[in-house]
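Numbering-wise, this note's numbering comes out as the position in the sequence shown, counting from 1, plus 30.
Even glycine gets a Cβ: it sits at the ideal position worked out from N, Cα and C.
Everything numeric in this text was worked out from a predicted model, so none of it was measured.
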Amino acid sequence: MYHPTRIGARTPQTSSIPPITSKLEIRKTNGALLGYIDSIPNISGFGRTTNLATAMSITFTPTMGAGAAPFNVLINNPGTYPYLGFAGDNLTNQPPHVMVRTNPTSPGSVPSIVGNSRQANQPKSESAIWSYNPSNQRLTPQWINPNGGSPATYIWYYPLTNSLGIITNPAASPPPGSHQVYFRVV
Numbered sequence: 031m032y033h034p035t036r037i038g039a040r041t042p043q044t045s046s047i048p049p050i051t052s053k054l055e056i057r058k059t060n061g062a063l064l065g066y067i068d069s070i071p072n073i074s075g076f077g078r079t080t081n082l083a084t085a086m087s088i089t090f091t092p093t094m095g096a097g098a099a100p101f102n103v104l105i106n107n108p109g110t111y112p113y114l115g116f117a118g119d120n121l122t123n124q125p126p127h128v129m130v131r132t133n134p135t136s137p138g139s140v141p142s143i144v145g146n147s148r149q150a151n152q153p154k155s156e157s158a159i160w161s162y163n164p165s166n167q168r169l170t171p172q173w174i175n176p177n178g179g180s181p182a183t184y185i186w187y188y189p190l191t192n193s194l195g196i197i198t199n200p201a202a203s204p205p206p207g208s209h210q211v212y213f214r215v216v
């Protein structure tokens with residue numbers, strides 16, 4: 031005699047997609063292309079280049095789904111500090127946290143002294159701050175402050191120093207000529 035059994039529904043899992051190797055466009059909030067993240071940092075951290083051949087190459091494996099953890103972004107040809115992140119402590123508007131090469135931090139961790147390319151000036155950094163939206167191809171950072179809070183995090187481009195940084199309020203007196211931007215995977 032046949033005795034059917036019930037099989038319970040599977041528990042939803044955070045899915046991941048295959049690793050993505052790419053370069054990052056820097057775009058103004060109106061969609062206008064400013065350039066790409068330069069592969070060579072300057073005195074103020076990473077800046078922009080208009081030459082795709084010299085743009086930074088990255089690889090990441092995004093986590094997907096509700097509640098997915100942020101992830102690290104590997105800089106291809108990384109040198110001493112292999113991951114892309116920002117250096118700073120408590121995120122406010124001034125000074126901005128500049129984009130740096132850094133050693134890895136864990137998802138959700140607060141700014142830590144792990145070693146980064148600007149450690150003489152800003153010894154703390156974060157790397158596992160990234161999320162990816164495949165529908166618009168945006169790579170977005172979310173900073174975690176020392177108190178564990180997640181402040182609003184906006185990417186800003188500063189042409190006077192050719193540097194990229196993050197701040198919490200784009201309306202708070204940005205330097206002349208600077209732009210709020212986003213990163214798009216290409």
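Residue range of the beta strand (DSSP E) that Ala117 falls in? Here the question's residue 117 lines up with position 87 in the sequence shown. Residues 113-117.
Thinking C-beta only, is Gly109 closer than 8 Å to Thr132? Here the question's residue 132 lines up with position 102 in the sequence shown. Here the question's residue 109 lines up with position 79 in the sequence shown. In this structure, Gly109 does not lie closer than 8 Å to Thr132 by Cβ.
In chain order, each beta strand (DSSP E) run of at least 3 residues that lies wholly inside the stretch 50-111: 50-58, 63-67, 87-90
Buried/exposed call for Lys53, threshold 16 Cβ in 10 Å: To locate residue 53, count along the sequence shown from 1; it is residue 23. Label assigned to Lys53: buried.
Pairwise C-alpha distance: Arg168 and Ser161: If you number the sequence shown from 1, residue 161 lands on position 131. If you number the sequence shown from 1, residue 168 lands on position 138. A straight line joining the alpha-carbon of Ser161 with that of Arg168 spans about 8 Å.
With H, G and I counted as helix, E and B as strand and the rest as coil, what does DSSP make of Pro204? The residue you call residue 204 lines up with position 174 of the sequence shown. In the three-state reduction of the DSSP assignment, Pro204 falls in the coil class.
What do you get for Asn146, buried or exposed, if any count of 16 or more other CB atoms within 10 angstroms of its CB means buried? The residue you call residue 146 lines up with position 116 of the sequence shown. With 16 or more Cβ atoms within 10 Å of its Cβ, Asn146 is classed as buried.
Among the candidates Ala202, Gly65, Ile70, whose CA atom is the shortest distance from the CA of Val130? On the sequence shown, position 100 is the one that residue 130 refers to. Answer by Cα proximity: Ile70.
For Val211 and Leu64, which I take to be in contact (beta-carbon distance under 8 Å), what is that distance rounded to the nearest angstrom? Mapped onto the sequence shown, residue 211 falls at position 181. Mapped onto the sequence shown, residue 64 falls at position 34. Their Cβ separation, rounded to whole angstroms, is 6 Å, which keeps Val211 and Leu64 in contact under 8 Å.
Nearest residue (CA-CA) to Thr198, options Pro205, Tyr188, Ser180, Gly207: For the purposes of this step, residue 198 is taken as the residue at position 168 of the sequence shown. Taking only the C-alpha atoms, the option nearest Thr198 is Ser180.
Is it the case that the stretch 182-202 contacts the stretch 136-153, given that we only count it when at least three CB pairs across the two stretches are under 8 Å? no
Buried or exposed, going by whether 16 or more other CB atoms sit within 10 Å of the CB of Met86? If you number the sequence shown from 1, residue 86 lands on position 56. Counting Cβ neighbours within 10 Å, Met86 comes out buried, since at least 16 surround it.
Rounded to the nearest angstrom, what separates Ile73 and Asn192 at their Cα positions? The residue you call residue 73 lines up with position 43 of the sequence shown. The residue you call residue 192 lines up with position 162 of the sequence shown. Going by the C-alpha atoms only, they are around 9 Å apart.
Burial state of Ile196 (16 or more Cβ within 10 Å): As a first step, residue 196 must be located in the sequence shown, where it is residue number 166. Per the 10 Å Cβ criterion, buried.
Give the range of the beta strand (DSSP E) segment to which Pro171 is assigned. Working through the sequence shown from its first residue, we reach residue 171 at position 141. Judged by DSSP secondary structure, Pro171 falls within the beta strand (DSSP E) whose first and last residues are 168-171.
In the DSSP assignment, find the unbroken beta strand (DSSP E) run with Gln210 in it and report its ends. One-based indexing of the sequence shown puts residue 210 at position 180. From DSSP, the beta strand (DSSP E) with Gln210 extends over 209-215.
Along the chain, where does the beta strand (DSSP E) that runs through Ser193 open and close? Taking the sequence shown and counting its residues from 1, one reaches residue 193 at position 163. Looking at the DSSP string, the run of the beta strand (DSSP E) that includes Ser193 is 193-197.
By a C-beta neighbour count over all protein chains shown, 10 Å radius and 16 as the cutoff for buried, is Asn232 buried or exposed? Residue 232 lies beyond the stretch modelled for the chain, which goes from 31 to 216, so this question has no answer here.
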